[in-house]
Amino acid sequence: MDIHEYQAKEILSRFGVAVPEGALAYSPEQAAYRARELGGERWVVKAQVHAGGRGKAGGVKVCSSDREIEDASEGMFGAKLVTHQTGPEGKGVYRVYVEAAVPIDREIYLGFVLDRTTQRVMIVASGEGGMEIEDISADKPDSIVRAVIEPAVGLREFQCRQIAFKLGIDASLTQQLVRTLQGCYRAFTELDATMVEINPLVITGDNRVLALDAKMTFDDNALFRHPQISELRDKSQEDPRESRASDRGLSYVGLDGNIGCIVNGAGLAMATMDTIKLAGGEPANFLDIGGGATPERVAKAFRLVLSDQNVQAILVNIFAGINRCDWVAEGVVAAMKEVGVEVPVIVRLAGTNVEAGQKILAKSGLPIIRAGTLIEAAERAVAAWKSDLSQGTKIRAAS
Ligand code: GDP
Ligand code: MN
Numbered sequence: 054m055d056i057h058e059y060q061a062k063e064i065l066s067r068f069g070v071a072v073p074e075g076a077l078a079y080s081p082e083q084a085a086y087r088a089r090e091l092g093g094e095r096w097v098v099k100a101q102v103h104a105g106g107r108g109k110a111g112g113v114k115v116c117s118s119d120r121e122i123e124d125a126s127e128g129m130f131g132a133k134l135v136t137h138q139t140g141p142e143g144k145g146v147y148r149v150y151v152e153a154a155v156p157i158d159r160e161i162y163l164g165f166v167l168d169r170t171t172q173r174v175m176i177v178a179s180g181e182g183g184m185e186i187e188d189i190s191a192d193k194p195d196s197i198v199r200a201v202i203e204p205a206v207g208l209r210e211f212q213c214r215q216i217a218f219k220l221g222i223d224a225s226l227t228q229q230l231v232r233t234l235q236g237c238y239r240a241f242t243e244l245d246a247t248m249v250e251i252n253p254l255v256i257t258g259d260n261r262v263l264a265l266d267a268k269m270t271f272d273d274n275a276l277f278r279h280p281q282i283s284e285l286r287d288k289s290q291e292d293p294r295e296s297r298a299s300d301r302g303l304s305y306v307g308l309d310g311n312i313g314c315i316v317n318g319a320g321l322a323m324a325t326m327d328t329i330k331l332a333g334g335e336p337a338n339f340l341d342i343g344g345g346a347t348p349e350r351v352a353k354a355f356r357l358v359l360s361d362q363n364v365q366a367i368l369v370n371i372f373a374g375i376n377r378c379d380w381v382a383e384g385v386v387a388a389m390k391e392v393g394v395e396v397p398v399i400v401r402l403a404g405t406n407v408e409a410g411q412k413i414l415a416k417s418g419l420p421i422i423r424a425g426t427l428i429e430a431a432e433r434a435v436a437a438w439k440s441d442l443s444q445g446t447k448i449r450a451a452s
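Counting from 54, one number per residue, gives the positions in the sequence shown under our numbering.
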């Protein structure tokens with residue numbers, strides 16, 4: 054789960070990371086009011102969306118009057134901010150964060166990530182802040198400093214000092230950097246984060262080390278033990294199809310094609326999507342019903358996939374171990390009868406109770422296209438989708 058910049062800053066500051074003074078606003082007038090409360094002469098208005106790259110996309114504006122703040126936020130509110138991280142559809146802006154502007158001397162990149170190779174939390178830092186880490190690693194790979202943290206002993210002070218040294222930070226600022234690094238690491242581990250990124254971490258003209266931007270991502274599977282973090286979820290920033298699924302305990306990933314996929318297990322989902330592509334189609338999404346799915350759960354999954362306007366065919370691919378093919382078949386039949394499905398439905402079942410499952414499908418009297426293997430299922434799905442599409446065109450052309 055992602056959170057907003059202002060929320061990440063509030064959390065990190067509780068762990069001792071220094072951040073600029075700031076306040077949240079829900080309207081342009083409130084933004085100007087917040088700036089007056091903060092005092093000073095220059096402010097930065099920042100669109101709060103779950104994506105980086107806001108600066109280049111007009112989502113970060115430095116202002117020096119009420120008027121400028123209102124104009125800047127007026128332009129952000131209600132609009133979709135499109136950055137290189139949001140995709141072309143962009144993300145809605147419903148909150149802006151107003152901060153006291155700070156004079157920047159130097160920008161540093163700082164990230165805490167899970168390194169799969171060492172199975173440890175790793176610090177990634179670079180003196181080339183302000184750029185995205187992808188660009189830094191492409192253009193200035195030598196500037197990247199890494200440190201692996203041993204979980205049993207935590208982040209040691211000498212490691213922090215080493216990083217400060219490698220970044221060429223003045224000795225008088227080392228202690229501030231140590232405090233920042235240790236604060237981030239404690240927040241990361243205590244709150245089950247999977248990523249903490251400060252880009253840029255700045256050194257100000259008056260020698261302070263400040264987190265000017267902050268991003269945190271949390272492990273969804275650990276949210277149950279952090280209710281205060283779960284509360285920060287902002288559905289306006291999520292794909293509505295995915296939020297609806299997660300509310301129902303289903304794992305759903307929205308994609309751009311036309312064939313909806315209902316499968317069990319992420320590995321099978323990957324194989325199913327590859328096979329659809331191989332057969333000349335494009336998946337619209339995949340929905341993982343998980344293990345031991347009841348007919349009700351399968352029906353729920355079916356309704357959810359159907360509610361996606363892009364879906365023009367549905368492929369159900371179940372390799373049942375813990376699952377039962379008869380339950381899956383019951384769920385598919387129940388959902389199709391209830392919803393009145395207008396798109397072709399292709400079902401491939403294998404494993405536990407497959408004969409019983411096939412019988413249920415055959416007896417239902419519904420136009421279900423059955424397949425024995427995955428490649429057969431994918432080819433039939435693509436063929437059915439194409440012929441449905443061309444019929445649709447013919448009807449439209451004739452009327
Ligand atoms: P991002 O583009 O979404 O990563 O948004 P950031 O919060 O990183 O802001 C983008 C850029 O705006 C930063 O790299 C800074 O150069 C600039 N910026 C942000 N806040 C301030 C500030 O208080 N003062 C100044 N001078 N520049 C700022
Ligand atoms: Mn940034």
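Note that the Cβ used here is the ideal one computed from N, Cα and C, for glycine as well.
- One alpha carbon belongs to Gly-143, the other to Gly-410, and they sit about 43 angstroms apart.
- The shortest CA-to-CA distance from Ile-222 to any of Lys-109, Ile-256, Trp-438, Ala-240 is the one to Ile-256.
- Phe-277 sits exposed, since fewer than 16 C-beta atoms from the chains shown fall within 10 Å of its C-beta.
- Straight-line measurement puts the Cα of Lys-133 at about 23 angstroms from the Cα of Asp-119.
- Between the alpha carbons of Arg-214 and Val-262 lies a gap of roughly 14 angstroms.
- Per the coordinates, the alpha-carbon of Ile-122 lies some 21 angstroms from the alpha-carbon of Gly-105.
- Note that the region 139-155 does not touch the region 174-188; fewer than 3 beta-carbon pairs, one per stretch, sit closer than 8 angstroms.
- Under the three-pair Cβ rule at 8 angstroms, the region 332-339 counts as touching the region 359-379.
- Within the region 179-256, the complete alpha helix (DSSP H) runs of at least 4 residues fall at 186-192, 210-219, 227-243.
- Annotated three-state conformation of Ala-346 is coil, per DSSP.
- Residues of the same chain with a CB within less than 7 angstroms of the CB of Asp-168, apart from the 5 flanking positions on each side, are Met-175, Val-201 in chain order.
- In the displayed model, Asn-370 falls within a strand according to three-state DSSP.
- In its chain, beyond the 5 residues on either side, Leu-167, Thr-270, Phe-271, Asp-272 have a beta carbon closer than 7 angstroms to the beta carbon of Thr-247.
- With a cutoff of 8 angstroms, Ile-157 counts as near the ligand GDP, since its C-beta is closer than that to a heavy atom of the ligand.
- Runs of the beta strand (DSSP E) lying entirely within the region 74-103 and spanning at least 3 residues, in chain order: 75-78, 96-100.
- DSSP, reduced to helix, strand and coil, places Pro-156 outside both helices and strands of the structure shown, so it counts as coil.
- For Leu-331, the enclosing alpha helix (DSSP H) has its first and last residue at 319-331.
- Taking C-beta atoms as the reference points, Asn-370 and Ala-437 fail to come closer than 9 angstroms.
- Looking at Cys-116, Ala-415, Ile-161, the one whose alpha-carbon comes closest to that of Val-198 is Ile-161.
- With respect to the 9 angstroms criterion, Pro-81 and Ser-126 are classified as neighbours on the basis of their beta carbons.
- The beta strand (DSSP E) runs lying completely inside the region 347-417 and spanning 3 residues or more are 366-373, 398-404, given in chain order.
- Between Ile-315 and Phe-372, the C-beta spacing is not below 9 angstroms.
- Considering only Val-407, Val-113, Lys-219, the residue with the shortest C-alpha distance to Gly-183 is Val-113.
- Taking 9 angstroms as the cut-off, the Cβ atoms of Ala-267 and Val-70 count as close.
- Shown here, Ser-304 sits in a strand according to DSSP, grouped into three states.
- Taking C-beta separations shorter than 7 angstroms and ignoring five residues to either side along the sequence, the partners of Ala-322 in its chain run Cys-314, Val-316, Phe-339, Asp-341, following chain order.
- For the pair of segments examined, the region 55-65 was found not to touch the region 224-232: the number of CB pairs separated by less than 8 angstroms stays below three.
- Ranked by Cα distance from Arg-239, the options Arg-286, Phe-165, Lys-109, Val-72 are led by Phe-165.
- Annotated as distal: Cys-237 and Leu-359, with beta-carbon spacing of 9 angstroms or more.
- Counting the other Cβ atoms within 10 Å of the Cβ of Glu-210 gives fewer than 16, which makes it exposed.
- Restricted to the region 269-305, the alpha helix (DSSP H) segments that are unbroken, complete and at least 4 residues in length are 280-283, 293-300, listed in chain order.
- Between Leu-208 and Leu-77, the alpha-carbon positions lie close to 32 angstroms from each other.
- Shown here, Gly-334 sits in coil according to DSSP, grouped into three states, outside any helix or strand.
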